[in-house]
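Please read the structure below before turning to the comments.
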Amino acid sequence: MLLPPSEGKARQGDGPALDLGRLSSPALNPTRELLVDRLIELCADEDTAAEALKLTARQRHCVKQNRELRTAPTLAAWELYTGVLYERLGLGDLPDGNQVLIASPLWGLLRPSDRVPPYRMPMSAQLPGVDRLAKAWRPAVAEVLGARDELIVDMRSGAYTQVWGPKGRGVSVRVFKEDEAGRRSVVTHMAKATRGEVAHALLASSAQPTTPAELGDFLASHGWKVELSEPATRSKPWLLDVVGV
Numbered sequence: 026m027l028l029p030p031s032e033g034k035a036r037q038g039d040g041p042a043l044d045l046g047r048l049s050s051p052a053l054n055p056t057r058e059l060l061v062d063r064l065i066e067l068c069a070d071e072d073t074a075a076e077a078l079k080l081t082a083r084q085r086h087c088v089k090q091n092r093e094l095r096t097a098p099t100l101a102a103w104e105l106y107t108g109v110l111y112e113r114l115g116l117g118d119l120p121d122g123n124q125v126l127i128a129s130p131l132w133g134l135l136r137p138s139d140r141v142p143p144y145r146m147p148m149s150a151q152l153p154g155v156d157r158l159a160k161a162w163r164p165a166v167a168e169v170l171g172a173r174d175e176l177i178v179d180m181r182s183g184a185y186t187q188v189w190g191p192k193g194r195g196v197s198v199r200v201f202k203e204d205e206a207g208r209r210s211v212v213t214h215m216a217k218a219t220r221g222e223v224a225h226a227l228l229a230s231s232a233q234p235t236t237p238a239e240l241g242d243f244l245a246s247h248g249w250k251v252e253l254s255e256p257a258t259r260s261k262p263w264l265l266d267v268v269g270v
């Protein structure tokens, strides 16, 4: 299961300083090293960093967090991300989060148990000497995920799907709100909440869907209205739309 990160994050860790050698997916470490160095370099000047990272006045404390990436106390990724998706998911209450990978502009991919410091860097950030973050991550993430042959449930948003896509062996979960006239729209907060609930239901159960159809049947049996669509081309994933009112 691939999840997006969240903008909402805990502000303080309580563990040892960052050790990239202890993170999962070591093939990502060269890119992690590069981006950590470039982000620290960017944050040497607060005004420049605030503009490049699109920070509001209330978020300026994140510049100091970024400057201290290598020395700040860390915390597990499942504790770090606090947005509505993660509130509904409740990773800390689940027996096994090993099926989860969290996409990140700074770390590439994280297991819930990986320990990193609080940080702030959107996928759209412009770092010194780095063209685009999605492009920077693409080869390494493809190396980590490309060899997998199991069903991949993709909960990421569009910016992260530009890094890597699961093609025909993956299912991209989309969430829509439907009004009485049958018109559909995306409501961001509701979509995040529903993705969290869907992920929780899957991880909390003993179900191990191996095909898109089995995933759709599982969600339908838990009360969701779902619609499954085959890939438009071989380079695209299946689409599973969860429709609410």
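For what it's worth, the numbering used here labels the leading residue of the sequence shown as 26, then goes sequentially.
Built from N, CA and C at the ideal position, the CB exists for glycine as well.
The model shown is predicted, which means the values in this text are computed figures rather than measured ones.
Quick one: Cα of Leu-131 to Cα of Ala-206, how far? 42 Å
Whether or not the stretch 171-184 and the stretch 78-98 are in contact is what I'm after, with contact meaning three or more pairs of Cβ atoms, one per stretch, closer than 8 Å; do they touch? no
For Arg-83, the first and last residue of its enclosing alpha helix (DSSP H): Here Arg-83 belongs to no alpha helix (DSSP H), and DSSP marks it neither H nor E.
Measure the C-alpha to C-alpha separation of Leu-23 and Trp-189 and round it to an integer number of angstroms. Nothing can be reported for residue 23, as the shown portion of the chain is limited to 26 through 270.
Hey, which unbroken runs of the beta strand (DSSP E) at 3 residues or more fall wholly within the stretch 136-200? 177-179
If you measure between the beta carbons of Gly-115 and Pro-137, is that distance less than 7 Å? no
Local conformation of Arg-95 per DSSP, three classes: coil
Contact check, Pro-256 vs Gly-195, beta carbons under 7 Å: no
Using DSSP's beta-bridge definition, name the partner residues of Asp-266. Arg-199, Glu-252
Endpoints, the beta strand (DSSP E) within which Leu-126 is located: 126-129
Let's test the definition: count the other Cβ atoms within 10 Å of the Cβ of Gly-183 and tell me whether it reaches 16, buried, or not, exposed. exposed
Counting Cβ pairs, one atom from each stretch, are 3 or more of them under 8 Å apart for the stretch 146-158 and the stretch 63-70? yes
Who are the near neighbours of Leu-244 in its chain, counting only those whose CB is closer than 6 Å to its CB and skipping five residues on each side? Val-251
Could you compute how far the alpha carbon of Glu-93 sits from the alpha carbon of Glu-32? 19 Å
Rounded to whole angstroms, how far is the Cβ of Arg-113 from the Cβ of His-225, which I believe are closer than 8 Å? 6 Å
Starting from Pro-51, trace the alpha helix (DSSP H) both ways and give me its first and last residue. Run containing Pro-51: none; DSSP gives neither H nor E here.
Please classify Thr-219: is it buried, with 16 or more other beta-carbons within 10 angstroms of its beta-carbon, or exposed? buried
Reducing DSSP to helix, strand and coil, say where Ser-210 ends up. strand
Short check: CB of Thr-99 to CB of Gly-46, under 7 Å? no
Assign Ala-257 to one of three DSSP states: helix, strand, or coil. coil
Just confirm the distance between the C-beta atoms of Lys-202 and Gly-269, as a whole number of angstroms; I'd bet it's less than 8 Å. 6 Å
Report, in whole angstroms, the separation of the C-beta atoms of Lys-8 and Gly-108, which I expect to be a contact under 8 Å. Beyond the ends of the chain as shown, which are 26 and 270, falls residue 8; an answer cannot be given.
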